[in-house]
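Undergrad: Per the numbering used here, residue 1 is the first one in the sequence shown, and the count goes up by one each step.
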Amino acid sequence: MGNAKLETSFLDKAVHFAVDAHAGTERRGKGYPYIVHPLEALSIVATMTSDQELLAAAVLHDTVEDTDVTIEDIRAAFGDRVAHIVEEESDKFTEGVSEEDSWQDRKQAAIDRIAAASREAKMVALGDKLSNARAIYRDWLTIGDELWKIFHVKEKAMHKWHYEGLADSLSELSGTFAYEEFKDLVHKIFNS
Numbered sequence: 001m002g003n004a005k006l007e008t009s010f011l012d013k014a015v016h017f018a019v020d021a022h023a024g025t026e027r028r029g030k031g032y033p034y035i036v037h038p039l040e041a042l043s044i045v046a047t048m049t050s051d052q053e054l055l056a057a058a059v060l061h062d063t064v065e066d067t068d069v070t071i072e073d074i075r076a077a078f079g080d081r082v083a084h085i086v087e088e089e090s091d092k093f094t095e096g097v098s099e100e101d102s103w104q105d106r107k108q109a110a111i112d113r114i115a116a117a118s119r120e121a122k123m124v125a126l127g128d129k130l131s132n133a134r135a136i137y138r139d140w141l142t143i144g145d146e147l148w149k150i151f152h153v154k155e156k157a158m159h160k161w162h163y164e165g166l167a168d169s170l171s172e173l174s175g176t177f178a179y180e181e182f183k184d185l186v187h188k189i190f191n192s
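(1) Taking the C-alpha atoms as reference points, what is the distance between F151 and A76?
(2) Report yes if the CB atom of V86 is closer than 7 Å to the CB atom of L54, and no otherwise.
(3) Report the rounded CA-to-CA distance for P38 versus Q108, giving the unit in angstroms.
(4) Can you say whether L11 is buried or exposed, counting buried as having 16 or more other CB atoms within 10 angstroms of its CB?
(5) My assumption, with CB atoms under 8 Å, is that A56 sits in contact with V82. Please give the rounded CB distance.
(6) Measure the C-alpha to C-alpha separation of P33 and A41 and round it to an integer number of angstroms.
(7) Under a three-way DSSP split, which group does E155 fall into?
(8) For D197, is the classification buried or exposed, using 16 other Cβ atoms within 10 angstroms of its Cβ as the cut-off for buried?
(9) Beta-carbon separation of E88 and A46 under 7 Å?
(10) Roughly how many angstroms separate the alpha carbons of F247 and F17, rounded to a whole number?
(11) Sorted by chain position, which residues of the same chain lie with C-beta nearer than 8 Å to E180's C-beta, five sequence neighbours on each side aside?
(12) Please name the residue or residues paired with P33 in a DSSP beta bridge.
(13) Taking all protein chains shown into account, do 16 or more other C-beta atoms lie within 10 angstroms of the C-beta of V186, making it buried, or fewer, making it exposed?
(14) Assuming A111 and S169 form a contact by the criterion Cβ under 8 Å, report the distance between their Cβ atoms to the nearest whole angstrom.
(15) Give every residue of the same chain whose Cβ lies closer than 8 Å to the Cβ of N3, excluding the five residues on either side of it in the sequence, and list them in chain order.
(16) Return the residue from the list W140, S131 and D66 that minimises the CA-CA distance to F190.
(17) Less than 8 Å between the CB atoms is what I'm expecting for D145 and K160, so what's the real figure, rounded?
(18) Just to confirm the assignment, what range does the alpha helix (DSSP H) spanning A135 have?
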């Protein structure tokens, strides 16, 4: 029995775009290519939807925040819907304020943005946040609370506040494997 052929050209274009955008960059302190994270986010979102535009947004979610790509570049290549979701996923930085000093405000703004976002945008956010939580959990099992020293904000309690806020803002996705894994990891990392 042959497999039905999926139409994936839109997603394939997004994967190539993300690979090019993140080329030559490393995931902070991880020793592996950055593209591993957007591909993991994509694989997580694919457990919740087969919508090509949402899958494209998942693999593109860090391009505007972490590369020279602009939201206009995303809109031109992938349309308004993908651009809107990528924009919702991108941290907003304040000119002249350090990442440390703006951290709590940026994270609160992100929690509020995700809480107010569409279910579709929440799926993309969950792909990103679950990928991050998996990496944090792996590192935490290996080096314990030394882990927090690699972040701009070094207090575990602040990260706990952030991840519990994210879990609340994503609770519309309760019942999905991805959300339940996320909630479980947040509990393991911060309540052990």
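Glycine included, C-beta positions come from ideal geometry on N, C-alpha and C. Note that the structure is predicted; figures quoted are calculated from it, not measured.
TA: Short version:
(1) 34 Å
(2) no
(3) 23 Å
(4) buried
(5) 5 Å
(6) 14 Å
(7) coil
(8) This structure cannot settle anything about residue 197, because the visible part of the chain is limited to 1 through 192.
(9) no
(10) Any question about residue 247 goes unanswered here, given that the chain covers just 1 to 192.
(11) S174
(12) E26
(13) buried
(14) Looking at the sequence provided, one finds Ile at residue 111 rather than Ala. About 5 Å; that satisfies the 8 Å criterion.
(15) none
(16) W140
(17) Not a contact, Cβ separation roughly 12 Å.
(18) R119 to I143
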